[in-house]
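Colleague: If you use mature numbering (1 follows the signal peptide of the UniProt record, and there is no 0), the sequence shown corresponds to residues -20 to -1, 1 to 968, in order.
Note that the Cβ used here is the ideal one computed from N, Cα and C, for glycine as well.
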Amino acid sequence: MWSSSASLFLLLSSVTTVSCITREYFIGIKEIQWDYAPTGKNRGPQRIGSVYKKAVYLEFTDATYRTEIAKPKWLGFLGPVMSAEEGDVIRVHLKNMASRPYSIHAHGLMYNKSNEGALYPDETTNAEKQDDQVDPGKSYTYLWILSDSHSPTKDDTNCLTRAYHSHLNAPKDIASGLLGPLIICKKGTLDVYGDKAADYSYVLLFTVSDENLSWYLDDNIKTYCTQPTGDEDFQESNLLHSINGFVYGNLPDLSMCVGNKIHWHLMGMGNEVDIHSAFFHGQILTHLGHHTDTVSLFPATFTNVEMTADNPGQWLLGCQVNDHLIAGMQAWFEVKKCFPHVHKARPTGDVREYFIAAEEVLWDYAPSQVNHGTGKPLNTDSDSETFFQTGSNRIGGKYKKVHYVEYTDNTFAVRKERSPEEQHLGILGTVTPPPAALVKPGTTHTYEWVVPKEGGPVKDDADCITYFYYSAVDPVKDTSSGLVGPLLKNVNKEFHLLATVFDENLSWYLDDNIKQFTKAPNTVNKEDEDFQESNKMHSINGYMYGNLPGLTMCKGDKVSWHVSGLGSEADIHGLYFEGNRFIYRETRRDVINVFPHISHTVMMEPDSMGQFEVVCRTADHYQGGMRANYTVEKCSMFSRQSEIMLHSKTYYIAAMEIDWEYSPNRTWEQEMYHGLINSPGKEFIDKQEKFIGSKYKKVVYRQFTSNKFTQQKERSADMQHLGILGPILHADVGDKVNIVFKNMATRPYSIHAHGVKTDLPQIKETKPGETQTYTWYVPKTAGPTEEQETCSVGAYYSTVNVNKDLYSGLIGPLVICRRSFARTFGLKKEVEEFALLFLVFDENESWYLDDNIKANIKNPAKNIKEDEEFIESNKMHAINGLMFGNLLGLNMVVGDKVYWYLMGMGNEVDIHTAHFHGHSIDYKLSGRSHRTDVYDLFPATFQTVKMRPQYPGTWLLHCHVTDHITGGMETVYTVSEKGEECVMIHCV
């Protein structure tokens, strides 16, 4: 461990001469009254309104803290912009002028344990604890350095976005306002005005500011609310959907000139609702080397985009997620024509004419009336009857909607019939190559769209990239009613998929549908939760449960899939293509994540024949019918010969039922929260007579030594971290992997993996007591590309009932690598490997829920499974099935090459932003290496990231989503020193 010192001593992994600038900041924490809508927002006797007491970081000129340095108005309540180049030291003199203790913690910088500014059990004491909190009226000086291991990579942009915030109780401190931007840059990038490559740089924080979590909630109620209430509507009124702390267009002073180079530093922060699609109207952005107009942000997502300002005028920027759009997460930016004599060149491309009508239609989400996953009628199948059963107060599967229809000319007399290749478009409008005006019913308007050069594909993109068009008179109601379509077209086969939960409750035609399809329309309560749920149609192109037609291709075709998302906070989609993998930005995958107004293009050359599914792996979406079938046929006598698998390996895996303890030791939790009585974990871990507690019956994959299944293989010390996961199964390209699977549980299960090839598309179940061999083939198309890390991770799990099997415990990591001589012959261990699954285990969905109730609760209430507190208590926020620092074994040595295999699964709540204190991690995309200290995970997200640990200590590793922090999704990893190779370097 490092000792505390008045000077800054930093441990580096090699002897170097460090040249650096010391950048000094005098930061004060002050409590202020913040107005989210200074132009006016109504307040009532049961609402606080738009003004809230908050704590903010302010910058001062010197240590007297008398003269405040004015910051740009557009920063809102964010702290001042801090910046550094590689090698620089940041010295932050923090004075706490607030009424309670706080701290300051930096993302993306190097610090020792005396300068981390984060309170958690990290095995430090005395002097190394002083940085954890600065009491009211006290001061502390933090010393940070931008080391080579945290600086932008050669492939990154010159500057990267990071953040600093208080970390005494991070969720509540941030909700109270203590957050600011940190810009880290390559050497030689900055001048006195900031990034030399930008004419203007702006920072935007997209967050649902939850004032219910603020330390000052009681003060705000007392000051502003004469008749406070504790109901959900009151809590909802304290959720401010803001950009830099402003709502409904109140963010000031975002202006620029046509032709200016603008750097937008974008930040997300908050909770499970903080899925943001930041959309810049009228402009094209460059993000990670690719063109777009919309960027995804999540809690602790920090990214940056570049823009050359085009199209003079007032433009809207905001979040395109439906709920956030309605709630005011919007701002204006102005592009001025500062040089009136400079004219844009006229476009020289082709003129393409389309004649599009908006027409009302009676839409059937499942024309066959069959769930093609089960073969049962939709109105009697347990999964689908919620959406397709008709009755006195249920609409069923048919709805009046509106969609775009193409005509042959401007008379709009003859419809253009869709070709067989276009049948899969479903409710989508025709495919058109690429602002807007209101078109009244019965009238015609001509729109002219220009496709700018900056809007097209870059070198690493597919030949075409995907955007879409939609009606924006009321973007939420118009798209919910069906007005959306894809832009652009090219290849052998081309398919467009829109994944969305069409919320018919938001449709313009809801009253029409109630009147036409329910049997007792006058009795329908539109606020009834069950009624609302029945109208949320989990669809791909407007079809559910395998009813989407037309997804047929030939083996070996070059197939372009254009995938898009639309909708609200629930629209977190992981589209999984069974049977065949695809290329996305030079990485090989079988899952692509899409979110509202986010589009991707992926390229597939299918080499497995048969009928496969493309499904959303988000649990509720899969169960709700977001599933389609695609078919690969043999169309030619001449087809590429299958690869011969020259190597084989065998694993002996059993499914075993065990009692699993999510929190076997509560010491870490007790220290973290100064006593278990203060811990938010008691909601999940304490039994309290009516809850199950922390121990549950589960089923897990475990490895045995032979096909006799008499001796379980002991886990070595470096595999203790796996927790509930099955063993890490390794395969190299060219391997044939035999999984001898014995079901030692009491119900049928199976084992199937992402990325591998199998003899048949259908995966057979294995009944209790039986043994079956599953064969996986690992051809070149299953392994990582040359542009990825050597090894890529996927998951294996049971597919008898994907959701319930997963939540019951059956999942493990599969690691597929490019073939290595050393690994093949076991000559040396090339890397340290750690596999982490971030998952809210929903024990309400486990096969063993009844067993767990019976074993742990005396005299349970008859309706216990409908009790909301009971349901919530069974949602275990875990890393590898362990909570509150109980995940052990994440140990490494300075200088190790470490692969972290990050895995996400689960449901709509499973947005996970895995944050590593102390170190940054690298990941590859488009053949380029990018650096971060937070990686975003979603259902069916699997990613290999690389770390070279350099800084000894015990460091926090956690999900940065607010509810997941308080729910216990935290642990630590430990870096030990490595002999004399570490030396002290003093930076002056």
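In chain order, what residues of the same chain lie with their CB nearer than 7 Å to the CB of D389, ignoring the 5 residues before and after it?
Modeller: Taking the first residue of the sequence shown as 1, we reach residue 389 at position 409. Cβ neighbours of D389 beyond the five flanking positions: F335.
Colleague: How is F850 classed by DSSP in three states: helix, strand or coil?
Modeller: Here residue 850 is taken as the residue at index 870 of the sequence shown, counted from 1. F850 falls in the helix class under three-state DSSP.
Colleague: Please report how far the alpha carbon of N76 lies from the alpha carbon of S146, in whole angstroms.
Modeller: Mapped onto the sequence shown, residue 76 falls at position 96. Mapped onto the sequence shown, residue 146 falls at position 166. When rounded, the distance between both Cα atoms is 11 Å.
Colleague: Take G948 as the anchor and find which of A177, L786, M90 and T647 has the nearest alpha-carbon.
Modeller: Numbered from its first residue, the sequence shown carries residue 948 at position 968. Per the Cα distances, T647.
Colleague: Below 8 Å on the Cβ atoms is my guess for G547 versus P501; work out the distance and round it to an integer in Å.
Modeller: Locating residue 547 in the sequence shown gives position 567, counting from the first residue. Locating residue 501 in the sequence shown gives position 521, counting from the first residue. G547 to P501, Cβ: 26 Å. No contact.
Colleague: I'd like to know whether the C-beta atoms of A280 and H910 end up nearer to each other than 8 Å.
Modeller: Here the question's residue 280 lines up with position 300 in the sequence shown. Here the question's residue 910 lines up with position 930 in the sequence shown. No, the pair does not count as a contact, with Cβ atoms beyond the cut-off.
Colleague: CA-CA distance, residue 969 and G590?
Modeller: Summary: the structure shown does not reach residue 969, with the chain confined to residues -20 through 968, and so no result is reported for it.
Colleague: Alpha carbons only, please: which of S94, T141, L99 and D135 is nearest the one belonging to A107?
Modeller: Along the sequence shown, read from residue 1 onward, the residue named residue 107 stands at position 127. Minimum Cα distance to A107 is reached at S94.
Colleague: For K356, which of helix, strand or coil comes out of DSSP?
Modeller: For this step, residue 356 is matched to residue 376 along the sequence shown. In the structure shown, K356 sits in a strand (DSSP, three-state: E or B).
Colleague: Apply the 10 Å Cβ neighbour rule to H404 and answer buried if 16 or more other Cβ atoms are within range, or exposed otherwise.
Modeller: On the sequence shown, residue 404 is found 424 positions in, with the first residue counted as 1. Flag for H404 reads buried.
Colleague: So G131 and E66 are in contact, right, with Cβ under 8 Å, and what is the actual spacing, rounded?
Modeller: Within the sequence shown, numbered from 1, the residue matching residue 131 stands at position 151. Within the sequence shown, numbered from 1, the residue matching residue 66 stands at position 86. In the sequence under discussion, the amino acid at residue 131 is Ser, which differs from the Gly named in the question. About 4 Å; that satisfies the 8 Å criterion.
Colleague: Less than 6 Å between C-beta atoms, sequence neighbours within five positions excluded: which residues of the same chain meet that for A920?
Modeller: The residue labelled residue 920 in the question sits at position 940 within the sequence shown. Hits under 6 Å: G554, Y556, V571 and R597.
Colleague: Using the Cα positions of D171 and F6, report the straight-line distance between them to the nearest angstrom.
Modeller: The residue given as residue 171 occupies position 191 in the sequence shown. The residue given as residue 6 occupies position 26 in the sequence shown. For the pair D171 and F6, the Cα-to-Cα distance works out to about 20 Å.
Colleague: At which residue ranges does the stretch 564 to 599 contain complete beta strand (DSSP E) runs of 3 or more residues, listed in the order of the chain?
Modeller: 567 to 569, 571 to 574, 579 to 584 and 590 to 596
Colleague: State the start and end residues of the unbroken beta strand (DSSP E) segment that holds F664.
Modeller: Mapped onto the sequence shown, residue 664 falls at position 684. Segment K662 to I665 is the alpha helix (DSSP H) holding F664; no beta strand (DSSP E) there.
Colleague: Three-state secondary structure (DSSP) at I633?
Modeller: Here the question's residue 633 lines up with position 653 in the sequence shown. Correct three-state label for I633: strand.
Colleague: Can we count S257 as close to the ligand NAD, meaning its CB is less than 7 Å from some heavy atom?
Modeller: The model depicted lacks the ligand NAD and carries no ligand whatsoever.
Colleague: In three-state terms, what does DSSP make of T611?
Modeller: In the sequence shown, the residue the question calls residue 611 occupies position 631. Here T611 sits in strand by DSSP.
Colleague: Write down every uninterrupted run of the alpha helix (DSSP H) in the stretch 287 to 326 whose length is 4 residues or greater and which is fully enclosed by it, in chain order.
Modeller: 302 to 306
Colleague: Please return the same chain residues whose Cβ sits closer than 7 Å to the Cβ of A635, not counting the five positions on each side in sequence.
Modeller: Locating residue 635 in the sequence shown gives position 655, where the first residue counts as 1. Excluding residues up to 5 positions away in sequence, V679, Y681, N723, M724, A725, Y729 and L790 lie with their Cβ nearer than 7 Å to the Cβ of A635 in the same chain.
Colleague: Tell whether a beta-carbon distance below 8 Å holds between G526 and G353.
Modeller: Within the sequence shown, the letter at position 546 stands for residue 526. Within the sequence shown, the letter at position 373 stands for residue 353. With respect to G353, G526 sits close: the two C-beta atoms are nearer than 8 Å.
Colleague: Contact check, E950 vs F818 under 8 Å by CB: the rounded distance?
Modeller: Here residue 950 refers to the residue found at position 970 of the sequence shown. Here residue 818 refers to the residue found at position 838 of the sequence shown. Contact between E950 and F818 is ruled out by a C-beta separation of about 11 Å, above the 8 Å threshold.
Colleague: How about W312 and Q300: do their beta carbons lie closer than 8 Å?
Modeller: On the sequence shown, position 332 is the one that residue 312 refers to. On the sequence shown, position 320 is the one that residue 300 refers to. Cβ distance not < 8 Å, so W312 and Q300 don't count as in contact.
Colleague: Nearest-angstrom Cα distance between G536 and I796?
Modeller: By one-based count along the sequence shown, residue 536 stands at place 556. By one-based count along the sequence shown, residue 796 stands at place 816. Distance between the alpha carbons of G536 and I796 is about 23 Å.
Colleague: Secondary structure at P793, three-state DSSP: helix, strand or coil?
Modeller: Here residue 793 corresponds to residue number 813 of the sequence shown, with the count starting at 1. Residue state, collapsed to three classes: strand.
Colleague: Taking the straight line between their C-alpha atoms, what separation do you get for S487 and K381?
Modeller: The residue given as residue 487 occupies position 507 in the sequence shown. The residue given as residue 381 occupies position 401 in the sequence shown. Cα-Cα distance, rounded: 8 Å.
Colleague: Helix, strand or coil: how does DSSP classify Q692 here?
Modeller: Translated into positions along the sequence shown, residue 692 becomes position 712. In this structure, Q692 counts as strand in the three-state DSSP scheme.
Colleague: Under 7 Å Cβ to Cβ from D876, same chain only, skipping five residues before and after it: list those, please.
Modeller: Taking the sequence shown and counting its residues from 1, one reaches residue 876 at position 896. E812 and P929, listed in sequence order.
Colleague: Kindly identify the DSSP beta-bridge partner or partners of H267.
Modeller: For the purposes of this step, residue 267 is identified with residue 287 of the sequence shown, where counting begins at 1. BP columns for H267 point to H270.
Colleague: Quick one: residues in its chain with C-beta nearer than 7 Å to the C-beta of G308, no 5 flanking neighbours on either side, listed in chain order?
Modeller: Position 328 of the sequence shown, counting from 1, holds the residue named residue 308. The answer, listed in chain order, is H221, V227 and Y228.
Colleague: How many angstroms separate the CA atom of P400 from the CA atom of E386?
Modeller: Counting from 1 along the sequence shown, the entry for residue 400 is found at position 420. Counting from 1 along the sequence shown, the entry for residue 386 is found at position 406. One C-alpha to the other measures close to 15 Å.
Colleague: Is the beta carbon of T567 sitting closer than 8 Å to the one on K904?
Modeller: What you label residue 567 is simply residue 587 of the sequence shown in a count that begins at 1. What you label residue 904 is simply residue 924 of the sequence shown in a count that begins at 1. Contact: yes.
Colleague: Tell me whether the beta-carbon of M872 lies closer than 8 Å to the beta-carbon of V820.
Modeller: Within the sequence shown, the letter at position 892 stands for residue 872. Within the sequence shown, the letter at position 840 stands for residue 820. The beta carbons of M872 and V820 sit no closer together than 8 Å.
Colleague: Whose CA, out of H73, L159 and L126, lies closest to the CA of F57?
Modeller: Mapped onto the sequence shown, residue 57 falls at position 77. If we check each option's Cα against that of F57, L159 comes out closest.
Colleague: Since I believe G763 is in contact with L705 (beta carbons under 8 Å), could you give me their beta-carbon distance rounded to a whole number of angstroms?
Modeller: Reading the sequence shown from its first residue, position 725 is the one you call residue 705. Reading the sequence shown from its first residue, position 783 is the one you call residue 763. That pair is no contact at about 22 Å.
Colleague: By Cβ distance below 7 Å, which residues in the same chain neighbour residue 1014 in space, the five residues on each side in sequence not counted?
Modeller: With the chain represented from -20 up to 968, any question about residue 1014 goes unanswered, as that position is not in the structure.
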